[in-house]
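Position 130 of the sequence shown, counted from 1, bears residue number 130 in UniProt numbering, the numbering being contiguous throughout.
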Amino acid sequence: MNKSVKTSWLPLFITNFLGVLNDNYLKYLVFFISTTWMMKDQESIVIMLASALFVLPYIAFSPIAGKLARDHSKAKIIQRAKLYEIPIMAIASVGFILQSVTITMFAIFLMGLQSCLFSPAKYGIIRDIGGKEGIPFGTGAMEMLTFMGVLIGTYIAGVTSDISLIESLSTYRTLIVCAALIFFALLGWLFSLKIAPKETVPDDEDETTLNPILFLIRSYKWSKQIKGLNIVIIGLATFWAIGSLLQMNITVHCRNVLQLSDTATSTIMALVAVGIGAGCYMTGVISNKKLKMYLVPIGGTGMLLCVSTIFIVNPSTILFTVLIVLTAFFAGIFKIPLNSFIQDRVHGRKLGLILAYNNLMLFTFILLSAGIFGLVETMANSLMVFAAVAVITLIITIVAWLRIPGANKLKAL
């Protein structure tokens, strides 16, 4: 890949990185700070509600997002979405200043809506920038930087939260929070203006339904034309459901079982992001411009072994951190071939609609995972949530092995 092509990736990568950073900074500020405004026994409810509110727009508005990506310039969609992020973060800042859970939750919902509307565009534009041969690299690098954004956003949220324990610094904490949220949004918008690939001609057909249920049914039927596509999308949806379960559960497990501070908890979450990013990037490099679907069950098996060990052993902080980071690493290996499969097999402006269908599926699964977390954690404990994750991972790994083309053709790495 020549230098000019590499350079053309940078605006997209940085724009996405800053957006993910801000998403996670805001979400974990709510997890760590907004929960302190409530009673202790309401902590899990606040975490579950915040996760659900970020997800709901994807379920309701994914058909609109897909239609936008099909009918309009993807670069312009990204730029508009990043511009709207600035006032959204201003609203979140008001919530933190007034210590209002309602306002911060509303900001999370708006952030979910903004992310939903430009998600098909930002992933659909990968092929426009790097061509078909650039899909594995672009997808792997994009996902690596995505999880680096998760890492940094999560970590600085934890550090910011612990500063609040020092009363004399609490006012400065609020000012720093507000400034950072708006600064990251502004910087992301400025970088988005540099995204200018050669896109395919927008499709002016108007056959896409905006009804989420009809959109889901029609997309499922169309995807049956491509062998394995629906299973790949279900695999990705399950990956994100597992990730959501782990994300919520790590916060509770570290606080209540391992008795860690918010800074230590966010450090573990940041290391998890490093693990996923490393797995994503390594998979992109290994793939070397080719789809290698046999990596999917390898990733699934690694996840299963690590999560099962956590449930059985109930390890102390150091071993827990090692196992959860390894889980994340194998998750990255599991995920990237699935993303690349969609990019490789779906052509033209139809890709935007299928990415919207993918979003609708995966965020429906994430919403279900919030319910699973609330039910299992309330009725049992955080260890049983890890057991639930192990069962889900086992099922999807077996399904992937049996149903995804090329997944059972194991080759030497």
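The C-beta atom is built at its ideal place from N, Cα and C for all residues, glycine as well.
Whether Asn249 touches Phe373 by CB criterion (8 Å): A Cβ-Cβ contact shorter than 8 Å links Asn249 with Phe373.
Proximal residues to Tyr251 (C-beta, below 7 Å), its chain only, five neighbours per side dropped: The question names Tyr, but residue 251 in the sequence shown is Thr. Taking Thr251 as the centre and dropping the five residues before and after it, the same chain places the C-beta of Phe31, Ile47 and Thr265 closer than 7 Å to its C-beta, in chain order.
Where the alpha helix (DSSP H) through Ser8 begins and ends: First-last of the alpha helix (DSSP H) with Ser8: Lys3 to Phe32.
Limits of the unbroken alpha helix (DSSP H) element including Gln343: That run of the alpha helix (DSSP H) goes Thr317 to Arg345.
C-alpha distance - Trp401 paired with Lys409, whole-angstrom precision: Taking the straight line joining both Cα atoms gives about 9 Å.
His347, buried or exposed, once every other Cβ within 10 Å from all chains shown has been counted against 16: Counting Cβ neighbours within 10 Å, His347 comes out exposed, since fewer than 16 surround it.
Environment of Gly158 [buried if 16+ CB atoms lie within 10 Å]: Gly158 counts as buried, since no fewer than 16 other beta carbons sit within 10 angstroms of its beta carbon.
Helix, strand or coil at Thr393 according to DSSP, with G and I counted as helix: Three-state DSSP puts Thr393 in a helix.
N-terminal and C-terminal residue of the alpha helix (DSSP H) that Ile195 is part of: Looking at the DSSP string, Ile195 is not in any alpha helix (DSSP H), and its letter there is neither H nor E.
Proximity below 8 Å, CB of Ile78 to CB of Ser192: Yes. Within cutoff.
Outcome for Gln99 when other beta-carbon atoms lying within 10 angstroms are tallied against a minimum of 16: Exposed, because fewer than 16 other Cβ atoms sit within 10 Å of the Cβ of Gln99.
Alpha helix (DSSP H) runs wholly inside the segment 204-268, at least 4 long, in chain order: DSSP runs (the alpha helix (DSSP H)) wholly in the segment 204-268: 212-223 and 229-256.
Alpha carbon of Phe137 to alpha carbon of Val94, nearest angstrom: So the alpha carbons of these two residues sit roughly 40 Å apart.
Collapsed DSSP secondary structure at Gly406 in the structure displayed: Here Gly406 sits in coil by DSSP.
Span of the alpha helix (DSSP H), counted from its first residue to its last, around Tyr123: Per DSSP, Tyr123 belongs to the alpha helix (DSSP H) from Val101 to Gly130.
Through-space distance from Lys224 to Leu394, alpha-carbon basis: Distance between the alpha carbons of Leu394 and Lys224: 24 Å.
Host alpha helix (DSSP H) of Ala81 (start-end): Lys74 to Leu98 is the span of the alpha helix (DSSP H), which, as asked, contains Ala81.
Candidates Tyr357, Thr364 and Phe386: closest to residue 464 by CA position: Residue 464 lies beyond the range of the chain shown here (1 to 413); nothing can be said about it.
Cβ-based neighbour list, Leu165, same chain, cut-off 7 Å, excluding 5 preceding and 5 following: Note on Leu165: pLDDT 47, under 50, position unreliable in the model; the coordinate value appears next. Same-chain partners within the cutoff: there are none.
Straight-line Cα distance separating Ile91 from Ile103: Using only the alpha carbons, I get a separation of about 7 Å.
Straight-line gap, Cys254 to Tyr172 (C-alpha atoms, nearest Å): Between the alpha carbons of Cys254 and Tyr172 lies a gap of roughly 27 Å.
Residue environment, Val391, which counts as buried when at least 16 other CB atoms sit within 10 Å: Exposed.
Per-residue DSSP class, three states only, for Ala60: Three-state DSSP puts Ala60 in a helix.
Distance between Ile318 and Gly66 (C-alpha atoms, nearest Å): Looking at the two C-alpha atoms, the distance is approximately 43 Å.
Of the residues Thr209, Ala380 and Phe109, the one placed nearest Lys27, counting alpha carbons only: Among Thr209, Ala380 and Phe109, the Cα nearest to that of Lys27 belongs to Phe109.
Thr309, buried or exposed, once every other Cβ within 10 Å from all chains shown has been counted against 16: With 16 or more Cβ atoms within 10 Å of its Cβ, Thr309 is classed as buried.
Meets three-Cβ-pair contact criterion under 8 Å: the segment 49-61 and the segment 173-189: Between the segment 49-61 and the segment 173-189 there are fewer than three C-beta pairs closer than 8 Å, too few to call the two in contact.
Outcome for Lys292 when other beta-carbon atoms lying within 10 angstroms are tallied against a minimum of 16: By the neighbour-count criterion, in which 16 or more other beta carbons inside 10 Å mark a residue as buried, Lys292 falls on the buried side.
Outcome for Gln247 when other beta-carbon atoms lying within 10 angstroms are tallied against a minimum of 16: Its Cβ being crowded by 16 or more others within 10 Å, Gln247 is buried.
Limits of the alpha helix (DSSP H) - the one that Ala370 falls within: Lys350 to Met379 is the span of the alpha helix (DSSP H), which, as asked, contains Ala370.
Minimum C-alpha distance to Leu210 - residue among Ala60, Tyr25 and Ile45: Nearest C-alpha to Leu210: Ala60.
Buried or exposed (CB count within 10 angstroms, at least 16 for buried), Val20: Val20 comes out buried.
Assigned exposure category for Lys198 - 16 Cβ within 10 Å defines buried: So Lys198 ends up on the exposed side.
Buried or exposed (CB count within 10 angstroms, at least 16 for buried), Lys227: So Lys227 ends up on the exposed side.
Candidates Val376, Ser287 and Tyr58: closest to Met361 by CA position: Checked all of Val376, Ser287 and Tyr58; the closest Cα to Met361 is Tyr58.
Contact set for Val232: own chain, Cβ-Cβ below 7 Å, skip 5 residues either direction: Here the set comprises Leu338, Phe341, Ile342 and Ile404.
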